[in-house]
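Heads up: the structure comes next, in C-alpha cells.
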Amino acid sequence: MSTLILIAIGIALVAIIGLAFGLSDRWFAALLALACLLSGIDAVYRGLTGWAAGFLLSGAMFAGASVHAVYTASRARRQQ
9 MSTLILIAIG IALVAIIGLA FGLSDRWFAA LLALACLLSG IDAVYRGLTG WAAGFLLSGA
69 MFAGASVHAV YTASRARRQQ
C-alpha cells in the first residue's frame, strides 16, 4: 500500500470515529472529501483511470456536501 492510501484510510477512520463522537456534518464531509481526493490522486499515479474518476467524483460530491452544510449552518445562525 502506498503512503497516500494509508493517509486516506487514516483520515476516513478519523471521520467515522469523529461522527460517532458528535463531529459536525461539515467536518465529516470535508474529511471524507479529503480522503477520496487523496485516493483519487493515488489512482491517477498508478494509472487506474476508472478508480481515479470514481474517487475524484466522490471527493467532489463530499466537498459539495460540506459546503452545503456550512451554508445551512450559517443561514440558521443568521435567522436566530
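The end of the sequence shown is residue 88 by my numbering, with every number in the run present.
All C-beta atoms in this analysis are idealised placements derived from N, C-alpha and C, irrespective of residue type, glycine included.
Please read these numbers as outputs of a predicted model, since none were measured by experiment.
Neighbourhood of residue i by C-beta distance below 6 Å, restricted to the same chain and skipping five residues each side
| i | result |
| --- | --- |
| S4 | The requested residue 4 is not part of the displayed model; the chain covers only 9 to 88. |
C-alpha distance - residue i paired with residue j, whole-angstrom precision
| i | j | result |
| --- | --- | --- |
| A38 | R86 | 23 Å |
| F29 | L40 | 16 Å |
| I24 | W59 | 22 Å |
| T57 | L31 | 33 Å |
| F36 | G26 | 8 Å |
Test item: CB-CB of residue i and residue j under 7 Å
| i | j | result |
| --- | --- | --- |
| I17 | L42 | no |
| A68 | R34 | no |
Residues near residue i by beta carbon distance below 7 Å, same chain, minus five either side
| i | result |
| --- | --- |
| L12 | L46, I49 and D50 |
Notebook entry, point to check: Can at least three beta-carbon pairs, one atom from the stretch 72–83 and one from the stretch 50–60, be found at a separation below 8 Å?
Noted result: Segment contact: the stretch 72–83 against the stretch 50–60, fewer than three CB-CB distances shorter than 8 Å; contact not assigned.
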